[in-house]
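Visitor: Sharing a structure, written as structure tokens. Questions coming.
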Ligand code: AMP
Ligand code: ZN
């Protein structure tokens, strides 16, 4: 068998081990990205799974691959029930002026350059547009007198373990390491390490054990800073922007899904009513903003992308208690929507796990409003095109 043959892609198709309800096809499809490194593309419908895989073993995909896919299907689809989607705002049919996928033109003009899968450099058009959105999010934060914070990009693994993140989303972690503090290892590395198409050719035992990750979100840092003490003043509004990292494997194909992206958050910590009322006020203020910028979008209940084993339980929990609402902007070019932000309420989960106490001794409640900066700019360009002359006046007049 030639290695060329072993590496050429092939298509395989089979029926799912359990029927897949419509509302789960997207969720299951995105999980297949993590099933096997040899899966290049996955397409999931109610009664068909189509995979493009790297062929091996005389051009046959082994049964073990199908078995892993079926494990995902069974664990997510069997006994699943349709979450009731609650729509809080619906402006999805607002007229927009553009229908193309902006990505090709952005790449063509050099406004976006791809450094790696999901890793992009943005040029002046996107940088200015993002600065405009940032100025509006900062104004939202100021309307709550939110205190500004700056958080690191690294986050200690032992912190995340305290809030059970290990079980929740391990598939999307980005682990940070460094060479061991050992002269021989460092000498060996500096003389012989090369980077081929698979990455650095370094023996795994050259790396120290992993103590840190690249942050998956912004607000965790605030909760860790407040851990194990009474909350000063009994309530807090805070804001920060930060680099976030979520490894989404073969789903990292465009600016709408990045490995390294930026998030602005406004964060509320305090009694339950304080958090819920402010989350609601933030939503109402943002609704005015979205009207001014003429964006087509919807706000609806949602759940986080938990790992397979946890998915059903956690999704049902989040949906039953209305813990997450997403701002989903319309992407006219693919007749779908993209989450550009979320309104989140964590109940007293972080307060309890991290021992953040209120003046009466009870655990603090937390919530956050989070915006994906690249995504909101991408969705805006998908609705209004790349020429600022054609943009809604509210945006055009405030561009930095
Ligand atoms: P979440 O904490 O999942 O609600 O994320 C908050 C926001 O961050 C989302 O609404 C998106 O706008 C953005 N975001 C999340 N994941 C990604 C990603 N992989 N690429 C780009 N933006 C993302
Ligand atoms: Zn948050």
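Residue numbers (our numbering): 2 to 401. Ideal Cβ placement from N, Cα and C applies to all residues, glycine included.
(1) Measuring CA to CA, which of 322, 270, 15 and 325 is closest to residue 221?
(2) Tell whether a beta-carbon distance below 9 Å holds between residue 14 and residue 52.
(3) Under the three-state reduction of DSSP, which class applies to residue 44: helix, strand or coil?
(4) Please return the same chain residues whose Cβ sits closer than 8 Å to the Cβ of residue 194, not counting the five positions on each side in sequence.
(5) Compute every distance between the C-beta of residue 343 and the non-hydrogen atoms of the ligand AMP, then say whether any falls below 8 Å.
(6) Report the three-state DSSP secondary structure of residue 186 (helix, strand or coil).
(7) Confirm the yes/no value for this check: CB of residue 340, any heavy atom of the ligand AMP, distance under 8 Å.
(8) Less than 8 Å between the CB atoms is what I'm expecting for residue 256 and residue 112, so what's the real figure, rounded?
(9) Look at the Cβ atom of residue 245, then the Cβ atom of residue 216, and state whether they are nearer than 9 Å.
(10) For the ligand AMP, is there any heavy atom lying closer than 8 Å to the beta carbon of residue 287?
(11) Does the beta carbon of residue 38 fall short of 8 Å from some heavy atom of the ligand AMP?
(12) Can you name, in chain order, every residue of its own chain whose Cβ lies under 7 Å from the Cβ of residue 332, other than the five neighbours on each side?
(13) Give me the Cβ distance between residue 25 and residue 41, rounded to the nearest whole Å; I'm assuming they're in contact under 8 Å.
(14) How far does the beta strand (DSSP E) with residue 340 in it extend, from its first residue to its last?
(15) Of all the options 396, 371, 99 and 64, which has the alpha carbon lying nearest to the alpha carbon of residue 241?
(16) Please identify the residue among 334, 298, 336 and 309 whose C-alpha is closest to the C-alpha of residue 326.
(17) Have a look at the DSSP bridge pairing and note the partners of residue 156.
(18) Looking at residue 155: is its Cβ nearer than 9 Å to the Cβ of residue 235?
(19) Give every residue of the same chain whose Cβ lies closer than 6 Å to the Cβ of residue 386, excluding the five residues on either side of it in the sequence, and list them in chain order.
(20) Residue 78 to residue 324, Cα distance in whole Å?
(21) By a C-beta neighbour count over all protein chains shown, 10 Å radius and 16 as the cutoff for buried, is residue 4 buried or exposed?
(22) Thinking C-beta only, is residue 31 closer than 9 Å to residue 311?
(23) Report the rounded CA-to-CA distance for residue 29 versus residue 116, giving the unit in angstroms.
(24) Kindly examine the ligand AMP and report whether one of its heavy atoms sits closer than 8 Å to the Cβ of residue 301.
Guide: The structure says:
(1) 270
(2) yes
(3) strand
(4) 201, 202 and 203
(5) yes
(6) helix
(7) yes
(8) Not confirmed; about 10 Å, so no contact.
(9) yes
(10) no
(11) no
(12) 338, 339, 380 and 383
(13) About 22 Å; that fails the 8 Å criterion.
(14) 337-346
(15) 371
(16) 298
(17) 214
(18) no
(19) 99
(20) 22 Å
(21) Bear in mind that the predicted position of residue 4 carries a pLDDT of just 41, short of 50, making it unreliable; the figure below should be weighed with that in mind. Burial call: exposed.
(22) no
(23) 28 Å
(24) no
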